[in-house]
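Peer 1:
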Amino acid sequence: MSIDIQSLEKVYDSLSFAIDSLPEEKRSLFLTKLVLLLGNEIADADKICHLINDAATFEN
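My numbering runs 39 ahead of the 1-based position in the sequence shown.
#1: Roughly how many angstroms separate the alpha carbons of Ile44 and Tyr51, rounded to a whole number?
#2: Are the CB atoms of Ile58 and Phe69 nearer to each other than 8 Å?
#3: Considering only the alpha carbon of each residue, which of Asp85, Leu54, Asn92, Met40 lies closest to Lys72?
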């Protein structure tokens, strides 16, 4: 299951706005809380851990 490009752009814009509106020292807490909330919706620990590893991989 994947999300269409228009919806993905909406999510990106919402996430970007939320991050930019926070003081820098609160951004990590926000992202951690967001992952936990989304993870609760996904309800699959292995998938969540896989996605965290994907997000932590920075390749050109």
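Just so you know, even glycine gets a beta-carbon here, dropped at the ideal spot from N, CA and C.
Peer 2: In short, the structure shows the following:
#1: 10 Å
#2: yes
#3: Ranked by how close their Cα comes to the Cα of Lys72, the residues Asp85, Leu54, Asn92, Met40 have Leu54 in first place.
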